[in-house]
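In the working numbering, the protein residues as written are 1434 to 1608.
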């Protein structure tokens, strides 16, 4: 008895008419469009939350850390600002009711940053519809394709961070 062939995949193959082949230049152009849309979207989200983009970025890192609270130094390193600048950011976020500072139990000289639950709820209410749509978009891809996307995003982020650091360290010939 011959086994039945597997049912057709609900995911189109990479060469299907719904997903035509693309060149690296086309992929980079699409990425540039996504980055621009994301930057404009972040500005809109920040305005709706009463923040500037840098403050929203810091708040996002605090949210991402969850219960593993970040220090001011951690935030400064992630956002690429000085510790003095991050103090101003944290002052604004604290005044706006987004974060609180807690003493570090291992080092009383250091503070850790925690998100205020009501601020978390406001941010999630604003971002959740967008993430629902993004998750629906992922449903169009196979687990293997999502793994490729995840790998590419992770490696591209590392490359971008490395290049940004290279630029920061590069001597400006105009000086």
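Note that CB positions come from ideal geometry on N, CA and C, so glycine has one too. Remember, it's a predicted structure, so these values are computed and weren't measured experimentally.
DSSP, read as helix, strand or coil, puts residue 1551 in helix. Under the three-state reduction of DSSP output, residue 1504 falls in the strand class. Taking residue 1507 as the centre and dropping the five residues before and after it, the same chain places no C-beta closer than 6 Å to its C-beta. For residue 1532, the enclosing beta strand (DSSP E) covers residues 1532 to 1536. Just measuring C-alpha positions, the residue of 1523, 1463, 1570, 1539 sitting nearest residue 1532 is 1523.
In this structure, DSSP gives residue 1514 a state outside helix and strand, which the three-state scheme calls coil.
In this structure residue 1518 is not in contact with residue 1546, their Cβ atoms being roughly 14 Å apart against a cut-off of 8 Å.
With distances taken between CA atoms, residue 1560 lies nearest to 1478 out of 1464, 1460, 1497, 1478. Taking residue 1555 as reference, the option from 1451, 1493, 1456 with the minimal CA-CA separation is 1493.
DSSP places residue 1467 in the uninterrupted alpha helix (DSSP H) bounded by 1457 to 1482. In terms of CA proximity to residue 1487, 1521 leads the group 1498, 1521, 1465.
Rounded to the nearest angstrom, the Cβ distance from residue 1491 to residue 1526 is 7 Å, consistent with a contact under 8 Å.
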